[in-house]
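The structure appears below as structure tokens.
Residue numbers (our numbering): 110 to 345.
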């Protein structure tokens, strides 16, 4: 897709991968609507912010209408980036945290995707990018709830792309390993070392998938830091 003058919606736009993707899309000439609870520190003539809590269906539907009215064109791209994780052993995970993760990572993604799909199918062009995690491919101890949400997104996405591919709509899942964002602030004893991937790295992958030829579809993309512990010290 040529992103020039296309309307791109990015959830969780205030920082990290969402903010980096917004900047990258703007550089390609897109109009970007950032959806989130906190405004993004971004000043650009082709960017506007829509305050929305993706966990609430009615708020998402209002945001979709406000976005189209503000931009004066239909949504061509949705990047489902909003998400969170809470650490906990399975039998110690609080019910509140379990529901918070599902409401954000699964239900929020469902509400946003459901809101934009009809117009994408009508215009026979669209691309939905879901930021998943390697935790959607492999279980991680002390993160069963988070893994459950990401496995759910993976299954939902793989079913959805088979439903909408004949309408010219793509669905891509990106599975990042460790990325240097504030995600790890909710995990005990976790740090964000310099050898993690950067948000800009993931944004470049998203843009690569978005700009692929119309009949070329990235379904699943797994990305990791090449040397997560840094370059090894070899004896001289």
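A virtual CB, placed ideally from N, CA and C, is assigned to each residue, including glycine.
Query raised in the report: Taking Cβ positions, are residue 332 and residue 225 nearer each other than 8 Å?
Result: Here residue 332 refers to the residue found at position 223 of the chain shown. Here residue 225 refers to the residue found at position 116 of the chain shown. For residue 332 and residue 225, no; Cβs fall outside 8 Å.
Query raised in the report: What number of angstroms, rounded off, separates the C-alpha of residue 307 from the C-alpha of residue 244?
Result: The residue labelled residue 307 in the question sits at position 198 within the chain shown. The residue labelled residue 244 in the question sits at position 135 within the chain shown. Answer to the nearest angstrom: the Cα atoms are 18 Å apart.
Query raised in the report: If we count the other Cβ atoms within 10 Å of its Cβ and call it buried at 16 or more, is residue 199 buried or exposed?
Result: As a position in the chain shown, residue 199 is number 90, starting the count at 1. With a 10 Å radius around the Cβ and a threshold of 16 neighbouring Cβ atoms, residue 199 comes out exposed.
Query raised in the report: Can you list, in chain order, the stretches of the beta strand (DSSP E) that have 3 or more residues and sit fully within the region 149-181?
Result: 156-160
Requested in this report: Would you mind sorting residue 325 into buried or exposed? The rule is 16 or more other CB atoms within 10 Å of its CB.
Outcome: As a working mapping, residue 325 is identified with position 216 in the chain shown. With fewer than 16 Cβ atoms within 10 Å of its Cβ, residue 325 is classed as exposed.
Query - Exposure of residue 320, with buried meaning 16 or more beta-carbon neighbours within 10 Å - result: Indexing the chain shown from 1 puts residue 320 at position 211. Per the 10 Å Cβ criterion, exposed.
Query raised in the report: So what does DSSP say about residue 200, is it helix, strand or coil?
Result: Position 91 of the chain shown, counted from the first residue, corresponds to residue 200. Three-state DSSP puts residue 200 in coil, outside helix and strand.
Query raised in the report: Between residue 159 and residue 237, what straight-line distance do the alpha-carbon atoms span, to the nearest angstrom?
Result: The count along the chain shown starts at 1 and reaches residue 159 at position 50. The count along the chain shown starts at 1 and reaches residue 237 at position 128. Each residue's alpha carbon lies about 19 Å from the other.
**Report entry** Same chain, Cβ closer than 8 Å to residue 328, five either side skipped, listed in chain order
**Finding:** Locating residue 328 in the chain shown gives position 219, where the first residue counts as 1. Excluding positions up to five away in sequence, the list reads 267, 270, 280, 281 and 282.
Query - As assigned by DSSP and simplified to three states, the class of residue 189 - result: As a first step, residue 189 must be located in the chain shown, where it is residue number 80. It is a strand residue.
Requested in this report: Inspect the beta-carbon positions of residue 262 and residue 239 and report whether they are closer than 8 Å.
Outcome: Numbered from its first residue, the chain shown carries residue 262 at position 153. Numbered from its first residue, the chain shown carries residue 239 at position 130. Closer than 8 Å, so yes.
Query - Three-state secondary structure (DSSP) of residue 59 - result: In the structure as shown, the chain begins at 110 and stops at 345. Residue 59 is therefore absent and cannot be evaluated.
Query raised in the report: Is there contact here, the region 122-137 with the region 334-342, by at least three beta-carbon pairs under 8 Å?
Result: no
Query raised in the report: Residues in its own chain within less than 7 Å of residue 175 by CB, not counting five upstream and five downstream?
Result: The count along the chain shown starts at 1 and reaches residue 175 at position 66. Excluding five sequence positions before and after residue 175, the CB atoms of its chain that fall closer than 7 Å to its own CB belong to 159, given in chain order.
Query raised in the report: Are the Cβ atoms of residue 229 and residue 163 separated by less than 8 Å?
Result: Numbered from its first residue, the chain shown carries residue 229 at position 120. Numbered from its first residue, the chain shown carries residue 163 at position 54. Cβ distance not < 8 Å, so residue 229 and residue 163 don't count as in contact.
Requested in this report: Could you tell me which of 130, 144, 149 and 156 sits nearest to residue 114, measuring between CA atoms?
Outcome: Indexing the chain shown from 1 puts residue 114 at position 5. For the residues 130, 144, 149 and 156, the minimum Cα distance to residue 114 belongs to 156.
Query raised in the report: Hey, residue 129 and residue 318 are a contact pair by Cβ (cut 8 Å); roughly how many whole angstroms apart?
Result: In the chain shown, residue 129 corresponds to position 20, counting from 1. In the chain shown, residue 318 corresponds to position 209, counting from 1. Contact flag wrong, Cβ pair sits at about 15 Å.
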